[in-house]
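Chemist:
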Amino acid sequence: MQSRNFGLWLVAALVYAFLYIPLVIVVVYSFNDSKLNTEWVGFTLFWYEALFNNKEMLIAARNSLIIAVSASICATVLGTMAGLAIHRYKLKVLPILVFTPIAMPEILLGVSLLLFFLQVLNLTLGMVSIIIAHTTFCIGFVTIIVWARLQGMNWSVFEAARDLGASPWQSFRLVTLPLIMPAVVAGALMSFILSIDDFVITFFTKGVGEPILPIQIYTMIKVSITPEVNAISTLLMLLTLVMIIIATMLDSGVLRGEAKQ
Amino acid sequence: MALLEIRDVTRRFGDFTAVNNVNITIEKGEFFTLLGPSGCGKTTLLRMIAGFDLPDSGQILLDGINIVNMPPEKRPIHTVFQSYALFPHMTVAGNIAFPLKMSGKMPDEIRSRVRESLDNVHLSSFANRFPHELSGGQKQRVAFARGLVNRPRLLLLDEPLGALDAKLREEMQIELINLQQEVGVTFVFVTHAQNEALALSHRIAVMNQGNIEQIDEPSKIYGFPRNRFVANFIGKINMMDVQVLEATYSHLKLIVAGLGEVTAPGKEGVKAGDKGIMAIRPEQVQILHHAEEAEVKGHFPGKVHDYLYVGNVTTYIVELANGIRIEALLPNSTAGRAKFFEVGDSVVVTWQHDASTFLND
Ligand SMILES: Nc1ncnc2c1ncn2[C@@H]1O[C@H](COP(=O)(O)OP(=O)(O)OP(=O)(O)O)[C@@H](O)[C@H]1O
Ligand SMILES: [Mg+2]
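Chains Y and B, in that order, are what the protein sequence lines are. For what it's worth, our numbering labels the leading residue of the first sequence as 12, then goes sequentially. For what it's worth, our numbering labels the leading residue of the second sequence as 2, then goes sequentially.
1) Counting only C-beta atoms, is Pro73 of chain B closer than 7 Å to chain Y at any point?
2) Alpha carbon to alpha carbon, how far is Gly15 of chain B from Gly40 of chain B? Give it in angstroms, no decimals.
3) Report the rounded CA-to-CA distance for Ala51 of chain B versus Gln181 of chain Y, giving the unit in angstroms.
4) So for His193 of chain B, helix, strand or coil by DSSP?
5) Output, in sequence order along the chain, the residues in the region 101 to 117 of chain B whose CB is closer than 8 Å to any CB in chain Y.
6) If the cut is a Cβ gap below 9 Å, which residues of chain B does Leu190 of chain Y touch?
7) Any idea if His145 of chain Y is buried or exposed, counting beta-carbon neighbours within 10 angstroms, 16 or more meaning buried?
8) Would you check if the distance between the CB atom of Ile25 of chain B and the CB atom of Ala206 of chain B is smaller than 7 Å?
9) Identify whether Asp16 of chain B lies in helix, strand or coil by the three-state DSSP scheme.
10) Compare the Cα-Cα distances from Ile68 of chain B to each of B:Leu87, B:Val81 and B:Arg48 and report the closest residue.
11) Excluding the five sequence neighbours on either side, which residues of its own chain have a C-beta within less than 6 Å of the C-beta of Lys217 of chain Y, listed in chain order?
12) Whether or not the region 234 to 242 of chain Y and the region 172 to 192 of chain Y are in contact is what I'm after, with contact meaning three or more pairs of Cβ atoms, one per stretch, closer than 8 Å; do they touch?
13) With burial defined as no fewer than 16 other Cβ atoms inside 10 Å of the residue's Cβ, what is the status of Asn43 of chain Y: buried or exposed?
14) Is His193 of chain B a contact residue of ligand 1, with contact defined as CB to any heavy atom under 6 Å?
15) Identify the contact partners of Ala177 of chain Y in chain B, using a Cβ-Cβ distance below 7 Å as the criterion.
16) Please report the straight-line C-alpha distance between Tyr229 of chain Y and Tyr85 of chain B, rounded to a whole angstrom.
17) What do you get for Gln141 of chain B, buried or exposed, if any count of 16 or more other CB atoms within 10 angstroms of its CB means buried?
18) Taking DSSP as the reference, what is the three-state secondary structure of Ala265 of chain B?
19) Taking only heavy atoms of ligand 1 into account, decide whether any of them is closer than 6 Å to the Cβ of Ser123 of chain Y.
20) Step through the CB atoms of chain Y and report whether any lies within less than 7 Å of the CB of His79 of chain B.
21) Please determine if the region 210 to 219 of chain B and the region 184 to 194 of chain B are in contact, where contact requires at least 3 C-beta pairs separated by less than 8 Å.
22) In angstroms with no decimal places, state the Cα-to-Cα distance between Leu126 of chain Y and Phe17 of chain B.
23) Look at the Cβ atom of Ser118 of chain B, then the Cβ atom of Val150 of chain B, and state whether they are nearer than 7 Å.
24) Taking only the alpha-carbon atoms, compute the straight-line gap between Gln139 of chain B and Ile156 of chain Y and give it to the nearest angstrom.
25) Are the C-beta atoms of Ser202 of chain B and some chain Y residue less than 7 Å apart?
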């Protein structure tokens with residue numbers, strides 16, 4: 012009994028070590044006062060300084076943020092609407108249409124979007140095409156999260172709102188939206204995280220113009236793996252971590268906050 | 002003019018007819034109950050009145066105006082859902098204030114009306130609690146308060162007491178009657194519990210498979226069921242196959258196979274030669290030791306087959322000469338007495354002829 016328990020703990024520890032040690036190394040070496048990622052020399056903020064003086068990297072980061080924010084807003088609005096529609100009208104086809112992009116290999120999605128933009132829409136590739144592409148693959152995640160939350164809820168609550176005199180819009184604003192808010196916010200954060208680090212689809216739909224963060228990082232390490240890459244990765248990790256913390260806090264917090272209205 | 006008139010309303014789901022050509026007229030101030038077994042179409046009918054569902058044909062008139070195409074929020078009709086359907090993200094006070102806000106009442110009025118409403122349902126100290134912090138009975142009371150606070154013309158209640166335990170259910174029944182009398186709002190109440198319907202209602206509509214079987218006061222429904230379904234569904238009843246020998250305005254002479262002649266009150270449309278059922282409630286059946294005791298005409302010898310003691314009453318099952326078993330309910334009103342007859346006793350069974358009913362097949 013004791014030893015089996017110990018075995019389980021050991022496996023768990025190894026799994027977590029496997030997951031987190033590379034991340035820790037990246038963070039640690041981003042503060043390393045050496046150009047090489049081989050041994051610890053001393054503490055420095057030099058690589059962060061270099062990063063903030065790297066014009067192209069800053070533009071790439073700005074672009075990525077704009078894309079991630081725009082795409083997650085679009086995906087959240089559309090995905091929430093899809094989730095509500097699937098639940099409300101018990102649609103059979105819409106779930107398949109919405110969820111397919113989630114299961115589709117990214118490379119396929121990238122290629123098909125590229126062809127679609129160029130040959131059907133005649134669009135010049137750039138920020139707009141990337142935002143559309145990211146919205147496309149994020150919608151499904153938002154829809155699933157919102158739909159799951161709706162399924163856990165008693166439908167008569169929404170009918171009660173109408174019954175007690177709320178117009179469809181009032182009923183959505185005062186009852187439906189507050190109740191699905193945790194799912195909506197979780198969906199938005201999820202979209203943001205998916206969008207900001209997406210490489211494959213971005214690669215296909217970006218065109219030649221603007222630098223985008225994940226692709227910029229890739230180009231940097233093609234030349235040489237400098238601690239500057241560690242620094243930008245650490246910052247990206249920090250951003251993601253903050254998002255996740257917000258998401259977990261919201262799940263219970265939003266409800267209580269809304270209730271005070 | 003009637004407050005609510007349901008005219009020839011039919012609702013089909015595919016081939017299945019959930020509500021079949023229903024006609025009901027409800028007066029202002031009434032406590033009206035829809036009673037019927039599960040799946041008979043009560044909720045479907047209620048949803049059409051509330052505006053969540055459209056009839057395939059027929060009209061629903063409120064104060065003489067057809068409201069079939071009016072959206073639910075425009076109808077001065079509120080619903081108490083079986084699952085309560087309280088808004089989980091609003092406090093008790095927030096829930097009760099909701100319909101007032103929707104109708105554009107001033108904040109001052111909302112505050113005083115909410116306070117008054119909380120008082121009515123004895124929940125004043127719970128104003129700032131959330132629904133998940135309430136017991137089932139308390140949630141139920143909030144749902145009542147929320148449905149009534151904006152004084153709808155009609156309050157629909159879909160099995161509101163279904164989720165409560167027996168004791169709480171009885172308490173809430175009394176509270177519900179008081180509440181309805183206080184506010185004077187017309188209630189349409191749905192239940193499949195016949196004792197609840199009998200206890201609460203001014204009138205009851207008994208439904209079966211989408212049809213209305215009978216609409217009457219509780220005592221009429223119980224005492225004079227119109228057909229076999231109603232007789233069987235409401236309370237317990239003895240039934241015997243009979244043939245009509247003679248029919249006059251005041252009484253019917255019936256012949257029970259192997260037993261002899263019995264008399265029942267006259268009934269419209271019944272003629273000699275008709276076949277049907279004679280129904281008599283167990284508490285109307287008397288058991289005597291000897292035939293001489295019978296003050297009424299028509300008594301039948303039998304043997305006590307079995308009995309069931311449940312405290313306040315004992316049900317005796319007597320087997321008559323023709324093998325028919327008849328149940329008789331005797332109150333145990335004498336101190337210490339639980340049994341008047343033993344199994345195997347030879348007895349005589351009798352009843353007042355106007356307590357029985359003839360039901361056509
Ligand atoms: N949306 C629907 N689609 C198909 N059939 C339905 C629908 N709603 C109800 N029905 C059917 O109509 C019949 C009546 O349903 P309804 O909910 O009105 O019954 P009820 O009398 O309220 O029963 P209960 O006492 O169990 O609540 C049932 O057989 C049900 O299966
Ligand atoms: Mg029902």
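By construction, the Cβ of each residue, glycine as well, lies at the ideal position given by its N, Cα and C atoms.
Modeler: The structure says:
1) Your numbering for residue 73 of chain B matches position 72 in the second sequence. At least one chain Y Cβ lies under 7 Å of Pro73 of chain B.
2) In the second sequence, counting from the first residue as 1, residue 40 of chain B sits at position 39. In the second sequence, counting from the first residue as 1, residue 15 of chain B sits at position 14. When rounded, the distance between both Cα atoms is 16 Å.
3) Within the second sequence, residue 51 of chain B is the residue found at index 50, counting from 1. Within the first sequence, residue 181 of chain Y is the residue found at index 170, counting from 1. Going from the Cα of Ala51 of chain B to the Cα of Gln181 of chain Y covers about 18 Å.
4) Residue mapping note: residue 193 of chain B aligns to position 192 of the second sequence, counting from 1. Coil, per DSSP.
5) Met103 and Ser104
6) The sequence position of residue 190 of chain Y within the first sequence is 179, counting from 1. Those within 9 Å of Leu190 of chain Y in chain B are Phe88, Pro89 and His90.
7) By 1-based counting over the first sequence, the position of residue 145 of chain Y is 134. That one is buried.
8) Against the second sequence, residue 25 of chain B aligns to sequence position 24. Against the second sequence, residue 206 of chain B aligns to sequence position 205. Yes, these two residues count as a Cβ contact at 7 Å.
9) Taking the second sequence and counting its residues from 1, one reaches residue 16 of chain B at position 15. Residue state, collapsed to three classes: coil.
10) Here residue 68 of chain B corresponds to residue number 67 of the second sequence, with the count starting at 1. Ranking B:Leu87, B:Val81 and B:Arg48 by Cα distance to Ile68 of chain B puts B:Arg48 first.
11) Locating residue 217 of chain Y in the first sequence gives position 206, counting from the first residue. Taken in chain order, the residues that qualify are Ile141 and Ile223.
12) no
13) By one-based count along the first sequence, residue 43 of chain Y stands at place 32. Looking at its Cβ environment, which holds 16 or more other Cβ atoms inside 10 Å, Asn43 of chain Y is buried.
14) For the purposes of this step, residue 193 of chain B is taken as the residue at position 192 of the second sequence. Yes; taking the cut-off as 6 Å, the Cβ of His193 of chain B has a heavy atom of ligand 1 nearer than that.
15) Against the first sequence, residue 177 of chain Y aligns to sequence position 166. By Cβ distance, chain B contributes Glu74 and Met103.
16) Numbered from 1 along the first sequence, position 218 holds the residue referred to as residue 229 of chain Y. Numbered from 1 along the second sequence, position 84 holds the residue referred to as residue 85 of chain B. Approximately 56 Å, taken between the alpha carbons.
17) In the second sequence, residue 141 of chain B corresponds to position 140, counting from 1. Gln141 of chain B comes out buried.
18) By one-based count along the second sequence, residue 265 of chain B stands at place 264. Ala265 of chain B: strand per DSSP, three-state reduction.
19) In the first sequence, counting from the first residue as 1, residue 123 of chain Y sits at position 112. No, ligand 1 has no heavy atom inside 6 Å of this Cβ.
20) Taking the second sequence and counting its residues from 1, one reaches residue 79 of chain B at position 78. It does: the Cβ of His79 of chain B has a partner Cβ on chain Y nearer than 7 Å.
21) no
22) Here residue 126 of chain Y is taken as the residue at index 115 of the first sequence, counted from 1. Here residue 17 of chain B is taken as the residue at index 16 of the second sequence, counted from 1. The alpha-carbon atoms of Leu126 of chain Y and Phe17 of chain B are separated by roughly 50 Å.
23) Locating residue 118 of chain B in the second sequence gives position 117, where the first residue counts as 1. Locating residue 150 of chain B in the second sequence gives position 149, where the first residue counts as 1. Cβ distance < 7 Å, so Ser118 of chain B and Val150 of chain B count as in contact.
24) Counting from one through the second sequence, the residue named residue 139 of chain B turns up at place 138. Counting from one through the first sequence, the residue named residue 156 of chain Y turns up at place 145. Computed Cα separation, rounded: 32 Å.
25) Your numbering for residue 202 of chain B matches position 201 in the second sequence. Taking Cβ atoms only, chain Y never reaches closer than 7 Å to Ser202 of chain B, which makes this a no.
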